[in-house]
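Structure, as structure tokens:
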Amino acid sequence: MTSMRNQRGTTVVEFAVVAAVFFAVLFGLIDFSRLYFDVAAMDEATRRGARLAAVCPINDPYVAQTAIFGNGGNQSVLIPGLGTQHVAMQYLDIDGDVVADPAGAGYGSIRYVRVSIQNFQVQTFIPGFQKLITLPSFQTTIPSESLGRVGTADIAC
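Numbering (the working numbering), first residue to last: 20 to 176.
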């Protein structure tokens, strides 16, 4: 029979093992929640961008800045690392093909606006499992509206 004196350190060792597993799971949950928030925010960013691109002048930089929650800047204040360089705007015709010259000769054929976020990477922070994850492309396509024009006059967004 072993005495209590011989088992003095086992509690500390057991706690260390259980605490390591517990904190790894806790950090994993926090990191997964942050990743889920980033995905939802980027989905909303494409929706905001497409909605704004449908009513603003063609290729207006304000659309990309507003889409990423940039507060007038080129970097997002909501999602670290997201910038206007990740936002792509396309103007589509009735068949869904990209219009070659949307601001010029192709203006009359624009029927849809597509805004997408591409090539965005997030870094996980789980201790021991840090990894750079490239997220899939997010895109939203909606019908074009005024494209920044009322009658024959251009309007600013």
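By construction, the Cβ of each residue, glycine as well, lies at the ideal position given by its N, Cα and C atoms.
Excluding the 5 residues flanking residue i on each side, which residues of the same chain have their C-beta closer than 8 Å to its C-beta?
i: His105; result: Ile87, Ile136, Gln137, Asn138, Phe139
i: Gln149; result: Gln142, Thr143
i: Asp50; result: Thr143, Phe144, Ile145
Considering only residues of the same chain and omitting the five flanking positions on each side of residue i, which have a CB-CB separation below 6 Å?
i: Ile98; result: Asp57, Ala60
i: Phe157; result: Met61, Asp62, Thr65, Ile136
i: Thr160; result: Tyr131, Arg133
i: Met108; result: Ala72, Val134
Helix, strand or coil for residue i, going by three-state DSSP, please let me know.
i: Val36; result: helix
i: Arg67; result: helix
i: Val96; result: coil
i: Gly47; result: helix
i: Gly102; result: strand
To the nearest angstrom, report how far apart residue i and residue j are at their CA atoms.
i: Thr13; j: Val40; result: Only positions 20 to 176 of the chain appear in the structure, and residue 13 is not among them; the question remains open.
i: Val32; j: Ser52; result: 30 Å
i: Gly102; j: Gly47; result: 26 Å
i: Tyr55; j: Gln26; result: 44 Å
i: Tyr110; j: Thr85; result: 18 Å
i: Gly100; j: Asp79; result: 22 Å
i: Gly125; j: Arg67; result: 24 Å
i: Pro121; j: Leu154; result: 29 Å
i: Ala5; j: Val44; result: The shown model of the chain, from 20 to 176, leaves out residue 5, and the question about it has no answer.
Per DSSP, residue i is paired with what?
i: Met108; result: Val134
i: Ile161; result: Val132
i: Leu151; result: Gln142
i: Val117; result: Leu111
i: Gly89; result: DSSP output for Gly89 lists no bridge partner at all.
Here's a check: name, in chain order, each residue in its chain whose Cβ is nearer than 7 Å to the Cβ of residue i, leaving out the five neighbours to either side.
i: Cys75; result: Tyr81, Val82, Gly167, Cys176
i: Arg70; result: Ile161
Return yes when the C-beta of residue i is under 6 Å from any heavy atom of the ligand NAP, and no when it is not.
i: Pro76; result: The model depicted lacks the ligand NAP and carries no ligand whatsoever.
Shorter than 7 Å from the beta carbon of residue i to some beta carbon of chain C?
i: Val134; result: Chain labels in this structure do not include chain C; a single protein chain is all it has.
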